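> Encoded as structure tokens, here's the structure I'll be asking about.
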Amino acid sequence: MTAFREAVIDLDAVTRNIRTLRKVIGTPHVIAVVKADGYGHGAVPVARAALAGGADWLGTADIQEALALRTAGIDSPILCWLHPDGADFAAAIRAGVDLGVSSAAQLQQIADAAGGGTAHVHLKLDTGLSRNGVVEEDWAHLFRRATDLEKSGVLRVRGIFSHLSNTSPSDDRAALAVFNRGLALANAEGLRPGLVHLAATAAAIDLPDARFNTVRIGIGMYGLSPFDDRSSADLGLTPAMTLRGRIAAVRRVPAGTGVSYSYTYRTADESTLALVPLGYADGVPRQASGAGPVLIAGRQFPVAGRVAMDQFVVDVGDTAVAVGDDVILFGDPAVGAPGASDWAAAAGTINYDIVTRIGARVERRYSE
Ligand SMILES: *Cc1c(COP(=O)(O)O)cnc(C)c1O
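First residue of the sequence shown? That's 367 in the working numbering, and the numbers climb one at a time after it.
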């Protein structure tokens, strides 16, 4: 029985998506990125499904996310890379969590936190994105310092990595060239990182030279395409999340009836309105008012009027619907549902944003 509102997560799809991508990409290592609660899918179950599909590492943004995986009993290698001032490096090191390093100061703080153990780090180079990562002028100093700390045994440089901007193929190739300069310099300074990683899903698929021996896969694992011009099906992927609910009320109304706040929609003819109990509090973007598609009784209809905090209305015309009927907001287009990408287009955002924003009030249910 479908809950009032729920996100159903197909963990088998996650496992299959990883297998499919590994076949295409062919690198010895895959880091499955489960930050932001697994892009809204649930970090722990997704992590297990990804490992079952052959991912050998997990990636998170921050230390707390990594420690939550350890608390759940996951003992695979984990890398986390975004550290606020005062981040608890000692806890990460104790838990065997690898740390991305974005400055010489961070490297020193991590060495200081090693507490008799060995910290495992991946040096992050800025190759153009201008976010975190060490800028090129500071590479020589960073690499020398890392080599010294390796010799003293407080840390081991397990990886060197960067992240692409996806601005254009030529911008990404330029960043790749910068990254290759960094690798050459690191090698000259005596570093021998086991993992070299630059590509996230898009470049892992489209830019073979960016694969090195490791890729970081996020969106593709969730079955969504990072490309505007290729669908999940084009990439052989299955969307893992289906967002659904049940119709909460139905009424027959005359022509000219105003619908939802500000009456931005009025019925053209006598019609049936179905009330869907999901709103922007649940992550349904208000920006998709009047546009976001839903599947009801085997047909797609757009939201009628404004998306409100808890609900929105669909004008189903003369389609026979009843309270309790299923409504699918997005899922797998291969089975007739709208896709997360359709909602992204309706809201002027990207599919990443659509799945990640689903609110806490929406129950997660796992199907295998
Ligand atoms: C989020 C993130 C990824 C995953 O990107 P996708 O496009 O979802 O595959 C990879 N690397 C870093 C550094 C990230 O922040």
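Glycine included, each C-beta is placed from N, C-alpha and C at the ideal position.
Quick caveat: nothing in here was measured; it's all calculated off a predicted structure.
Per the contact definition of three or more C-beta pairs closer than 8 angstroms, is the stretch 634-650 in contact with the stretch 588-604?
Contact between the stretch 588-604 and the stretch 634-650 is absent, because fewer than three Cβ pairs lie under 8 angstroms.
> Taking the alpha helix (DSSP H) that E516 falls in, what are its first and last residues?
That run of the alpha helix (DSSP H) goes W505 to K517.
> For S628, does the count of other Cβ atoms within 10 angstroms reach 16, so buried, or fall short, so exposed?
Burial call: exposed.
> With a cut-off of 8 angstroms on the beta carbons, I'd call A565 and R577 a contact; round off their distance for me.
Yes, they are in contact, since the Cβ atoms of A565 and R577 sit about 6 angstroms apart, within 8 angstroms.
> Compute the distance between the beta-carbons of A703 and A654, then report whether it is under 7 angstroms.
Cβ atoms of A703 and A654: not closer than 7 angstroms.
> Just tell me which of N579, W505, A415 and Q474 has its CA closest to the CA of A554.
Checking every option, the nearest Cα to that of A554 belongs to W505.
> Does the stretch 654-671 come within contact of the stretch 582-594, defined as at least 3 CB pairs closer than 8 angstroms?
Contact fails: fewer than three Cβ-Cβ distances are below 8 angstroms.
> May I have the straight-line CA-CA distance separating V463 from P411, to the nearest angstrom?
Looking at the two C-alpha atoms, the distance is approximately 19 angstroms.
> What are the partner residues of K490, as DSSP defines its beta bridges?
Answer by DSSP bridge pairing, in chain order: F527.
> DSSP three-state call for W709: helix, strand or coil?
W709: helix per DSSP, three-state reduction.
> So, helix, strand or coil for T567, using DSSP?
Residue state, collapsed to three classes: helix.
> Smallest Cα separation from S442: which of D676, Q430 and A413?
It is A413 whose Cα lies nearest to the Cα of S442.
> Looking at the structure shown, is G406 part of a helix, part of a strand, or coil, going by DSSP?
If DSSP states are grouped into helix, strand and coil, G406 belongs with coil.
> Just how far apart, CA to CA, sit S469 and A479?
So the two alpha carbons sit approximately 15 angstroms from each other.
> Can you give me the C-alpha to C-alpha distance between I391 and F593, rounded to a whole angstrom?
Straight-line Cα distance between these residues: approximately 16 angstroms.
> Out of curiosity, what's the CA-to-CA distance linking A409 and A663?
Computed Cα separation, rounded: 32 angstroms.
> Does the distance between the C-beta of R582 and the nearest non-hydrogen atom of ligand 1 fall short of 6 angstroms?
At least one heavy atom of ligand 1 is nearer than 6 angstroms to the Cβ of R582, so yes.
> Could you name each continuous beta strand (DSSP E) segment of 3 residues or more that falls completely within the stretch 373-399, going from the start of the chain to the end?
If we require 3 residues or more, the beta strand (DSSP E) runs fully inside the stretch 373-399 come out as 395-399.
> Within 10 angstroms of the Cβ of K517, are there 16 or more other Cβ atoms? Answer buried if so, exposed if not.
The residue is exposed, with fewer than 16 neighbouring Cβ atoms inside 10 Å.
> For ligand 1, any of its heavy atoms closer than 6 angstroms to the Cβ of H529?
H529 Cβ: within cutoff of ligand 1.
> Does ligand 1 have a heavy atom nearer than 6 angstroms to the CB of A398?
Flag unset: Cβ of A398 not near ligand 1.
> Select from D595, A711, L417 and A541 the residue whose C-alpha is nearest the C-alpha of L573.
Considering only alpha carbons, the answer is A541.
> Does the Cβ of A416 have 16 or more other Cβ atoms within 10 Å, making it buried, or fewer, making it exposed?
Buried, since its Cβ has 16 or more Cβ neighbours within 10 Å.
> Under a three-way DSSP split, which group does Q677 fall into?
Coil.
> On a CA-only basis, which of A461, A427 and A456 is nearest A737? Give me that one, please.
Only positions 367 to 734 of the chain appear in this structure, which leaves residue 737 out of reach.
> Thinking C-beta only, is A427 closer than 7 angstroms to V728?
Cβ atoms of V728 and A427: not closer than 7 angstroms.
> In terms of DSSP beta bridges, what is F667 paired with?
DSSP output for F667 lists V660 as bridge partner(s).
> Which of the three DSSP states is assigned to F578 in this structure?
Reduced to three states, the DSSP call for F578 is coil.
> Spatial neighbours of V380 within its chain, please: CB distance less than 8 angstroms, with the 5 preceding and 5 following residues excluded, ordered by chain position.
Closer than 8 angstroms at Cβ, skipping near neighbours: H407, V412, A415, A416, G419, M587, Y588, G589 and A606.
> Please tell me whether W423 and I397 are closer than 7 angstroms, where the distance is taken between their beta carbons.
Yes.
> Out of I476, P450, P620 and L641, state which residue places its alpha-carbon closest to the alpha-carbon of L521.
Checking every option, the nearest Cα to that of L521 belongs to I476.
> To the nearest angstrom, report how far apart T393 and V399 are at their CA atoms.
If you take the alpha carbons of T393 and V399, they lie about 16 angstroms apart.
> Report yes if the C-beta of A674 is less than 6 angstroms from at least one heavy atom of ligand 1; otherwise report no.
Because no heavy atom of ligand 1 lies under 6 angstroms away, the Cβ of A674 does not count as near it: no.
> Should P592 be listed as close to ligand 1, given that the test is whether its C-beta is under 6 angstroms from any heavy atom?
Yes; taking the cut-off as 6 angstroms, the Cβ of P592 has a heavy atom of ligand 1 nearer than that.
> Thinking C-alpha only, which one of R731, I571 and G525 is nearest P535?
Of R731, I571 and G525, the residue nearest in Cα terms is I571.
> Buried or exposed: which applies to G452, given that a residue is buried once 16 or more other Cβ atoms fall within 10 Å of its Cβ?
Exposed is the call here.
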